[in-house]
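Residue numbers (my numbering): 17 to 159.
So the structure is just underneath, and the comments pick up after that.
Quick look at the structure:
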């Protein structure tokens, strides 16, 4: 049920993001969704791609610092209050969200959120007990 995310550390300068994206494109790696968190000097590019292990490998071959992380893709209703309801589940169960971001594609009348937890197994259990649909890698990216 976990989805594999690639995290890439890039210098916050013109051309660095383009270089990473070119390596991925040249390696036939499709980006499903991404987010960038930046600081003054560096950014963290977080990607869900169709071939995460290959992406990690080709980036490292090009001397780019990156890592692979397990995240959860959670399907929620695309209406007011749905995200709050999910976050309330985590709060009641004392689950820490390290970060989250929205998936760029809707699934009918449902939205998809990507979450990174400090305890992913406890988060999965809580979500399943509360009746949430955790989306598998296959359902999310078709591989």
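Don't be surprised by glycine CBs; every beta carbon is placed ideally from N, CA and C.
Given the structure is predicted, the values throughout are model-derived calculations rather than measurements.
Counting only runs of 3 or more residues that sit fully inside the segment 31–107, the beta strand (DSSP E) segments are 47–54, 58–65, 82–93, in chain order. Distance between residue 22 and residue 156, taken at the CA atoms: about 15 Å. The beta-carbon separation of residue 142 and residue 105, rounded to 6 Å, stays under the 8 Å limit for a contact.
By the neighbour-count definition (other C-beta atoms within 10 Å, threshold 16), residue 96 is an exposed residue. For the pair residue 93 and residue 129, the Cα-to-Cα distance works out to about 11 Å.
Residue 114 carries a strand assignment under DSSP once its states are collapsed to helix, strand and coil.
Annotation for residue 113: 103, 106, 131, 132, 133 place their beta carbon closer than 8 Å to its own, counting only its chain and skipping 5 residues before and after.
Boundaries of the beta strand (DSSP E) harbouring residue 27: 19–27, taken from the DSSP string. Under the 10 Å beta carbon count, residue 84 is surrounded by fewer than 16 other beta carbons and is classified as exposed. Contact between the segment 24–44 and the segment 52–62 is established, with three or more Cβ pairs separated by less than 8 Å.
Under the DSSP assignment, residue 155 falls in the alpha helix (DSSP H) whose first and last residues are 153–157.
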